[in-house]
Amino acid sequence: MQQAADNSLPPPFTVEEITAALQKTKPATAPGYNNIHREFLKHLSPNALSWLSTFFHRIMSQHSIPKIWRKAKVIAVKKPGKDLTQAASYHPISLLSVCYKLLKCLALQCISPTVEGILSPDQAGFRKDRSTCDQVVALTSYIESGFQHNLKTGVVSLDLLAAYKSGTLAFFAN
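Next up, the structure:
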């Protein structure tokens with residue numbers, strides 16, 4: 050079944066872009082469900098990388114991730130100093146397909162310039178070079194500025210850990 054060309058898609062990733070993205074991935078990354086290691090991809094020939102570029106472009110144009118990439122290999126890692134007989138003593142880690150993570154990295158490189166221009170400068174979650182610490186500093190500065198001008202500052206915090214454990218959301222007014 051032939052699909053119409055999607056003009057919103059960027060051109061296929063180049064072999065150089067794929068190679069550069071592979072260099073950025075963490076060394077000795079554990080393979081996912083399909084058991085393809087990062088090292089396998091790093092040692093592909095130029096022809097194989099060209100095929101991978103075409104394959105990635107087809108995935109993007111058809112908006113369909115291979116089913117095997119949607120599966121994760123889940124392993125349990127023991128938390129330090131915890132009782133081995135308790136399930137809560139382990140932290141589950143999901144190992145995703147290295148190919149999927151590579152495609153995600155390439156796609157992120159494509160959309161980041163556009164997304165960065167759209168998102169509010171106050172948005173910190175899941176953005177490069179931004180953290181919750183930045184948000185705490187910004188909030189503290191905002192509260193201090195209000196204090197200097199005899200203004201009241203209201204804060205609502207959301208404890209997601211408590212929401213996850215109890216199934217309810219807790220709101221606190223400071």
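Residue numbering for the sequence shown follows the working numbering, starting at 50 and increasing by one per position.
Idealized CB from N, CA, C, for every residue including glycine.
Just so you know, these numbers come straight off a predicted model, no measurement behind them.
Is F196 buried or exposed, if buried means 16 or more other CB atoms sit within 10 Å of its CB? By the 10 Å Cβ count, F196 comes out exposed.
Residues in its own chain within less than 7 Å of T103 by CB, not counting five upstream and five downstream? So the qualifying residues of the chain are P61.
Inset, instruction - Give a yes or no on whether the C-beta atoms belonging to L144 and A121 are separated by under 8 Å. - result: In this structure, A121 lies closer than 8 Å to L144 by Cβ.
ask   = Going along the chain, which unbroken runs of the beta strand (DSSP E) with 3 or more residues stay wholly within the region 97 to 125?
value = Segments of the beta strand (DSSP E) lying fully in the region 97 to 125: there are none.
Report task. Apply the 10 Å Cβ neighbour rule to I67 and answer buried if 16 or more other Cβ atoms are within range, or exposed otherwise. Result -> Buried, by the Cβ-count rule.
* To do: Assign P141 to one of three DSSP states: helix, strand, or coil.
  => If DSSP states are grouped into helix, strand and coil, P141 belongs with the strands.
- Query: Does the region 143 to 158 come within contact of the region 76 to 83, defined as at least 3 CB pairs closer than 8 Å?
  - Reply: Result yes; three or more Cβ-Cβ pairs closer than 8 Å.
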